[in-house]
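Beneath this line is the structure, given in structure tokens, with notes to follow.
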Amino acid sequence: MKNELFKALSYAWKSKNVWWYTATARTKARFARTTLGGFWLGLSNLLTIAALAAVYGTVFKVSNFNEYVVYLGVGFASWTALSSSISSAPKLFEINAPQLLNTNTKHIFYTLEEWAFQLQTFSQSIGMVLIGLSFFQNNLFINLLTLGIFPLINLLIFMYWFPVFIAIIGLRYKDFYQLIPIVLQLVFLLSPFLYEKETLGSYSWIADFNPLYQVINSLRETLLTGDLSLKKFIPITIINVFGTIYAISILNRTKKVLPFLI
Amino acid sequence: MIFLENVSLSIPIFTNETRQFKKILVNSVTGGLLQRESAEITRINALNSVNCKIERGERVALIGHNGSGKTSFLKVISGIYFATSGILKKDMQVFPMINKSFLTSNELSGVVAAKAHYLMVKGSKKGFEEYLEEIKEFSGIGDFVYLPIKTYSQGMEARLLFTILTSFKHECLALDEGFGTGDNDFYEKAEIKMNSFLDEAGTLIFASHSEELLKRFCSRGLVFERGTIVFDGLLDDALNYYHEK
């Protein structure tokens, strides 16, 4: 297993130019016909954040609106990226079926290409959102580039291995993709992105055991406060390490049957 | 060298019944009360205890009826399929040319497909511009190369793919005759390129029903029948064996 993992990581590194390039080409092609290009993503996120903040800020009668906008904005932009990478995962191998059946490109390549695509989309979106939110809290970029970089890396790693699991389940079960939007919507509503965790009261354990919320919240807290909670950061890092190793090993174990499941 | 010892390939055919997540959920909440004996997965034995050794530089023809195991053999040695059992050892990279497929999605342009292939083989973008010019000129698709592949005609797509894939030398080539060259106008030009491409390949493993093609490029023949190699020897002898059968 150790050898297989090393081989997979070595291949990932050697082929980085290719999967990064094809992902970039997809990103460019996606916005080829729009005047604003990739900025549209960030802009649409900002507009959504503004609308949500105005409505829910009033509904929840928030005492500090500026803080709330940033809280909601960072959480929402991160959630959009994470949920997008999860919802596209079940069909990942099916979309790449012609290549998987006719070329000997390793299966991990397609997971890395998709990850790179999601990562590029996220960077365009969060960049624009942070610029917008800097009007409400001006140290966001400083926080991001100092301690914020660590939970950000954690979020990006989580965005790789978790969707790989979903992709493998989606490969095995043809109807799994139908379930994903429903589950994601439930997770979103049950996670304190629009509201503060304290409002959950005795149900706050729901957020404590929600890995999707935890990985985003770790980044959000660091950006908002400039402090990194090691108590939250270390467990997420450990989960990420094991998650990545396990996802790659499952991908390796599935390789024999993968072409026949497409 | 490519070495196969008792290599078998069993292809599972999954039915929709065995691939429903909802069914698992229902079974888990009903404690399995609604569970029926699940339909067994059908398996096709595409390769059965295949034994052979192909030395570097050999030019091997794969002969056999449709469904005899030629393409499965090519896919196993090139690493698209993985043997269910047996030993497969190889000390060279086998490049598959089995069906028409770019490395990238058809939503992307021909340039992207060409560059991705170039990066995969060369590892860097250095020299890509010259390569692209050659591709444009030989395939004859010109500036259409900048448009998404999905907008091409079938002929254009096949020409571009053929040009991209035959642009590099490979130490071992696993080729299926189903691999097309495009429209008729392109055929002659492609044939010349294909000949030099095959001549340059270090090792060639070629599945075809065309004796003319096999005789032109190969010297050894493997006859396949029901997933097993039933004859391994000189090409003429292999063809005679195949016809007598």
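Residue numbers (this note's numbering), protein chains in the order written: chain E, 2 to 263; chain V, 978 to 1222.
Heads up, the beta-carbon is just placed ideally off N, CA and C, and yes, glycines get one too.
Keep in mind that this is a model prediction, so the values were computed, not measured.
Could you tell me the boundaries of the beta strand (DSSP E) in which residue i lies?
i	result
V:N1022	T1019 to I1031
V:G1210	T1205 to L1211
V:R1036	R1036 to I1040
E:L229	No beta strand (DSSP E) holds E:L229; DSSP gives it neither H nor E.
E:P260	Looking at the DSSP string, E:P260 is not in any beta strand (DSSP E); the run it does join, the alpha helix (DSSP H), is L259 to L262.
V:G1198	R1197 to E1202
V:P989	I979 to I990
V:T1180	T1180 to A1184
V:L1138	From DSSP, V:L1138 is part of no beta strand (DSSP E) but of the alpha helix (DSSP H) over Q1131 to L1142.
V:L1152	C1149 to D1153
Exposed or buried, what is residue i when buried is set at 16 or more other beta-carbons lying within 10 Å of its beta-carbon?
i	result
E:V242	exposed
V:G1087	buried
V:V1089	buried
E:W206	exposed
V:K1047	buried
V:N1223	In this structure chain V extends from 978 to 1222, so residue 1223 of chain V is not present and cannot be described.
E:Q125	buried
E:W14	exposed
V:E1052	A small correction: the amino acid at residue 1052 of chain V is Lys; Glu does not occupy that position in the sequence shown. Buried is the call here.
E:F194	buried
E:T59	exposed
V:E1014	Any reading at V:E1014 must be qualified, since the residue scores a pLDDT of 49, below 50, and its modelled position is unreliable; no value is offered.
V:S1078	buried
V:Y1123	exposed
Can you tell which of the options has its C-alpha closest to the C-alpha of residue i?
i	options	result
V:K1066	V:G1056, V:S1196, V:F1174 and V:K1192	V:G1056
E:K62	E:I249, E:T238, E:T49 and E:T200	E:T200
E:G227	E:N140, E:V184 and E:T122	E:N140
V:F1059	E:T81, E:N105, E:A82 and E:F151	E:N105
V:M1133	V:C1149, V:A1023, V:I1112 and V:D1153	V:I1112
E:V19	V:K1092, V:I990, V:H1147 and V:E982	V:K1092
V:I1031	V:I1001, V:E982, V:M1074 and V:F1079	V:E982
E:W116	E:H108, E:L157, E:L148 and E:L146	E:L157
E:Y57	E:T35, E:G74, E:D176 and E:L131	E:G74
V:L1096	E:L53, E:W162, E:W21 and E:S203	E:W21
E:L1	E:L229, E:V258 and E:L83	No answer is possible for residue 1 of chain E: it lies beyond the span of chain E, which begins at 2 and ends at 263.
E:L187	E:A208, E:L172 and E:A168	E:A208
E:E95	E:R173, E:F234, E:I181 and E:F7	E:R173
V:F980	V:E1035, V:T1019 and V:V1003	V:E1035
E:S45	E:G133, E:K198 and E:A24	E:G133
V:V1037	V:T1128, V:I1001 and V:I1054	V:I1054
V:G1100	E:I150, E:R31, E:S16 and E:Q100	E:S16
E:N103	V:D1153, V:A1023 and V:L1181	V:D1153
E:N211	E:K233, E:L229 and E:T223	E:K233
V:V1200	V:K1222, V:F1115 and V:G1117	V:K1222
How far does the alpha helix (DSSP H) with residue i in it reach, from first residue to last?
i	result
E:R173	I150 to R173
V:F1194	E1188 to F1194
E:D209	W206 to D209
E:L146	L141 to L146
V:T1048	K1047 to S1055
E:A117	H108 to L134
E:L180	F177 to L191
E:L101	A98 to N103
V:L1109	F1105 to S1116
Just to make sure I have the definition right: I need the residues of chain E whose C-beta is within less than 7 Å of the C-beta of residue i. Which are they?
i	result
V:A1093	V19, Y22 and T23
V:T1180	Those do not exist, as V:T1180 stays about 15 Å from chain E at its closest Cβ, beyond 7 Å.
V:L1152	Near V:L1152 there are no residues of chain E at all, since even the closest Cβ is about 12 Å away, more than 7 Å.
V:G1056	N105
V:G1044	Going along chain E, no residue has its Cβ under 7 Å from V:G1044, so there is no contact; the nearest lies around 16 Å.
Mind listing the chain V neighbours of residue i? Cutoff is C-beta to C-beta under 7 Å, in chain order.
i	result
E:D228	The premise fails here: E:D228 is roughly 41 Å from chain V at the closest Cβ pair, so nothing lies under 7 Å.
E:Y174	R996, Q997 and F998
E:K198	Those do not exist, as E:K198 stays about 30 Å from chain V at its closest Cβ, beyond 7 Å.
E:R221	The contacting residues do not exist; E:R221 stays about 32 Å from chain V at best.
E:A9	Per Cβ cutoff of 7 Å: no residues; E:A9 is ~14 Å from chain V at best.
E:A168	None at all; the shortest Cβ gap to chain V is about 14 Å.
E:A208	Ordered by position in chain V, no residue passes the 7 Å Cβ test against E:A208, which lies about 25 Å from the chain.
Using the beta-carbon of each residue, which ones in chain E are nearer than 9 Å to residue i?
i	result
V:Y1123	Correct list: empty, because the minimum Cβ distance to chain E is about 11 Å.
Quick one: which chain V residues come within Cβ less than 9 Å of residue i?
i	result
E:N262	Sequence check: residue 262 of chain E is Leu here, not Asn. P989, F991 and R996, listed in chain order.
E:K256	F1059
Run through chain V and tell me which residues come within less than 8 Å of residue i, C-beta to C-beta.
i	result
E:N177	Looking at the sequence provided, one finds Phe at residue 177 of chain E rather than Asn. Going along chain V in sequence order, the residues near E:F177 (Cβ under 8 Å) are F998.
E:A13	The premise fails here: E:A13 is roughly 14 Å from chain V at the closest Cβ pair, so nothing lies under 8 Å.
What does residue i touch in chain E if you count any residue whose Cβ is under 8 Å from its own?
i	result
V:S1078	P99, Q100, L102, N103 and T104
V:M1097	S16, V19 and T106
V:I1075	N103
V:L1085	T23, A26, R27 and A30
V:G1100	K15 and N18
| query | If you scan the stretch 1058–1087 of chain V from start to end, which runs of the alpha helix (DSSP H) of 4 or more residues do you find wholly inside it? | reply | none
| Quick one, which residues of the stretch 1129–1142 of chain V are near chain A if we go by CB-CB under 9 Å, in chain order? | Among the chains of the structure shown, chain A does not appear; the protein chains present are E and V.
| query | If you scan the stretch 10–93 of chain E from start to end, which runs of the alpha helix (DSSP H) of 4 or more residues do you find wholly inside it? | reply | 17–31, 40–60 and 66–88
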